[in-house]
Structures are given as structure tokens and as C-alpha cells.
Amino acid sequence: MKYFDVIFTSPAEDWLTDLLMQELADIGFESFEKKEDRLHAFLPQEHFDEDNLKALLQHEPFGNLSLNFEVAEAEDKNWNEEWEKNYFKPTIVMEGELAVRAPFHKPVEGVKHELIIDPKMAFGTGNHGTTQAMLTLMSQINMQGATVIDMGAGSGILGIYAMLKGARQCTSIDIDDWCISNAADNAELNGVKLDLIQGDAEALRKVTRADIFLANINRNIILNDLDMYVTRMHPSGIMLLSGFLIDDLPMIMDAVSKHGLTHSGHLEMPGGWVALRVTNQMP
Numbered sequence: 377m378k379y380f381d382v383i384f385t386s387p388a389e390d391w392l393t394d395l396l397m398q399e400l401a402d403i404g405f406e407s408f409e410k411k412e413d414r415l416h417a418f419l420p421q422e423h424f425d426e427d428n429l430k431a432l433l434q435h436e437p438f439g440n441l442s443l444n445f446e447v448a449e450a451e452d453k454n455w456n457e458e459w460e461k462n463y464f465k466p467t468i469v470m471e472g473e474l475a476v477r478a479p480f481h482k483p484v485e486g487v488k489h490e491l492i493i494d495p496k497m498a499f500g501t502g503n504h505g506t507t508q509a510m511l512t513l514m515s516q517i518n519m520q521g522a523t524v525i526d527m528g529a530g531s532g533i534l535g536i537y538a539m540l541k542g543a544r545q546c547t548s549i550d551i552d553d554w555c556i557s558n559a560a561d562n563a564e565l566n567g568v569k570l571d572l573i574q575g576d577a578e579a580l581r582k583v584t585r586a587d588i589f590l591a592n593i594n595r596n597i598i599l600n601d602l603d604m605y606v607t608r609m610h611p612s613g614i615m616l617l618s619g620f621l622i623d624d625l626p627m628i629m630d631a632v633s634k635h636g637l638t639h640s641g642h643l644e645m646p647g648g649w650v651a652l653r654v655t656n657q658m659p
């Protein structure tokens, strides 16, 4: 498969570079490489949409940065494999509780749960702050026998952890068919089953309410789809949200309160990424 190498002037702040990579991953970019003040982003040529990319770069906070990019044909090699070998390292998310590794890594000793994730995408490997924050908040919840919805499942990592913690069922939803395939493979690697659905928030209409609702996406999608998320929560259910920064927290808090949700804690990670826990007090 032929790839494009889309080269950006990397923002000075690391958190902005992280945010840019996350947004690019949402529109089909598969792997990334930082070189000095440049960010190289790779995606199949057939998936490249210049208008879509330009629209993304107009969103806050990128619109004020005047981010420029150039497109080149990538060297003919497996960029995912390069990323896997050089950038995905085994990660201990919580000492004694949880580690994330790839199938080609040695087992991590001394943890209760070990998630095996085949790293076919740059997010959902446990290395990003939002994923680590969600996993940490999940570790604090008794999931034995619970039903779970994972919106924007990506690699399936959150749903897999929920199942390993004793959840009875997890419905994992993602708009990208490639992510659905990757999540299925990762579930098999971990010996669990996920109920996988390809689609956006509209797919929730055919899903029954769950005890725990997970969404690690981004601020704009959360704000747009929160009303649908709430309809899929059991009374007194728990929702975990991430994919946004500490500066966005007041906006997210205002939105969840308008939907009858109560803040019950949040976790800030290095780089300013945040995960939020809320409960449903609606009948």
C-alpha cells in the first residue's frame, strides 16, 4: 500500500503536538514520527483528503497557529511496523495493577492485569495520557457483572480492560471499520469478547442501557453527542469521559450538569489531559 508523508511544523508545546496527532488519527492517519521541529504523519494515499485536513487545521487551537503542511510520497516501507518497533514500549499504567504491551514484548511481571494490544494505530496503546487516565479511573470501579459501552473504541483497550475486570458485557462502537477489526483482534489476544458495532453516536439507538459508559474521543464530539450518551446510562450509572484538556474542563462540566450528571472526580495527566467521572442521578 502506498502512503503519503504529510509534514507539519510541530507546535512548540508538546501538548499541542499530542492534540494534533490525536485529531489526525481521527481522520485516518495511522502513524507519526517527530523529527526536531517537524511532525511526520503517515496515511494511505487513498485515504488522503486535503480539504478535510485543512478544515481540521482551522479548528481551535490550531487555527491561531497557522500550521502549514507539505505532502510527499512516503518511502516504500511499513510505517506502522517502524512505529511499533521504535515508539511503542511496554507501559505500566498502575504499579501492581495494570500494564500494556504488544504481542512482541516480553510479559510484564508483577501486575494483576496485562493488556496485550497489537499496535496498529498510534492511539489506544496505553501510552497516551487520555488512555492512561481512563484506565486509572476504571481501576477504581467495581465492574464485576457490569454492562459497559465504549464509545470510540479505537484499539478496544478500554473495553478489554473492563472485561478483564469482570464486566459481563461490553459494547464497543467506532466509526472506523479498521478500528473495529483491530479491536476484534485485540479482544482475541486477551481472551475476551467485545460486542463490536461500526458507527457513530446514532448507533447507540440500538444499544440497551449500560451500567458504565466510556468515551475517550475529543471535546467537540463529546459536547455534540452527550445527549445521546446520557440516554444509554442506567439510573445511577457511571460515565467516564476523556480526550480533552484541563482548560476544557469547565465547558465539559457545564454540559454534563445540564444533562443531570453529577461530577464525582477527575484526573489530570501530564500535558494537561483530563479524564472526568460523572454519575447519572436521573430517574
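Numbering (the working numbering), first residue to last: 377 to 659.
Don't be surprised by glycine CBs; every beta carbon is placed ideally from N, CA and C.
From Gly528 to Leu415, what does the alpha carbon distance come to, in whole angstroms?
-> 25 Å
In its own chain, which residues sit with a C-beta less than 6 Å from the C-beta of Ile593, not counting the 5 before and 5 after it?
-> Gly528, Gly619
What are the partner residues of Phe380, as DSSP defines its beta bridges?
-> Leu419, Glu449
What is the C-beta distance between Asn656 and Met627, in whole angstroms, given that I count them as a contact (C-beta under 8 Å)?
-> Not a contact, Cβ separation roughly 20 Å.
Pull up the DSSP beta-bridge partners for Lys685, would you.
-> Lying outside 377 to 659, the shown extent of the chain, residue 685 is not represented and no answer is given.
Can you tell which of Met510, Ile517, Asp390 has its C-alpha closest to the C-alpha of Ala591?
-> Met510
Measure the alpha-carbon distance for Ala498 versus Leu433 and round it to whole angstroms.
-> Because Ala498 carries a pLDDT of 44, less than 50, the predicted location of this residue cannot be relied on, and no value is offered for it.
What runs of the alpha helix (DSSP H), each 4 residues or longer, lie entirely inside the region 492-570?
-> You should have 505-515, 533-540, 553-565.
Decide if Pro659 is buried, meaning its Cβ has at least 16 other Cβ atoms within 10 Å, or exposed.
-> Note that Pro659 scores 44 on pLDDT, short of 50, meaning its location in the model is unreliable and no value can be drawn from it.
Spatially closest choice to Tyr379 from Thr393, Ala417, Asp394, Asp390, by CA coordinates | Ala417
In the structure shown, what three-state DSSP assignment does Thr607 receive?
-> helix
Out of Ile588, Gln508, Lys569, Val606, which has the shortest C-alpha to C-alpha gap to Gly648?
-> Gln508
Between the region 577-589 and the region 515-528, are three or more C-beta pairs nearer than 8 Å?
-> yes
Between which two residues does the beta strand (DSSP E) containing Thr655 stretch?
-> 649-656
Using a threshold of 8 Å, state whether the C-beta atoms of Thr501 and Ser531 are closer than that.
-> yes
Under 8 Å between the Cβ atoms of Ile614 and Val650?
-> no
Local conformation of Pro659 per DSSP, three classes = Only weak support exists for where Pro659 lies, its pLDDT of 44 falling under 50; the value from the coordinates is given anyway. In the structure shown, Pro659 sits in coil (DSSP, three-state: anything other than H, G, I, E or B).
Own chain residues within Cβ distance below 6 Å of Ala448, not counting five before or after = Asp381
Going by alpha carbons, who is nearest to Leu429 out of Ala450, Gln398, Lys410?
-> Gln398
Do Ile468 and Ala475 have their C-beta atoms within less than 8 Å of each other?
-> yes
Between Leu443, His435, Gly535, which lies nearest to Ala595 when the distance is taken from Cα to Cα?
-> For the sequence presented, residue 595 should be read as Arg rather than Ala. With distances taken between Cα atoms, Arg595 lies closest to His435.
Have a look at Asn518, Thr506, Met539 and flag the residue whose alpha-carbon is nearest the alpha-carbon of Glu490.
-> Met539
Unbroken beta strand (DSSP E) run spanning Val469, endpoints = 467-470
Using the beta-carbon count (16 or more within 10 Å), is Phe480 buried or exposed?
-> exposed
Output yes or no for whether 8 Å exceeds the beta carbon distance between Glu446 and Ile383.
-> For Glu446 and Ile383, yes; Cβs fall inside 8 Å.
For Ile573, three-class secondary structure by DSSP | Of the three classes helix, strand and coil, the one that applies to Ile573 here is strand, per DSSP.
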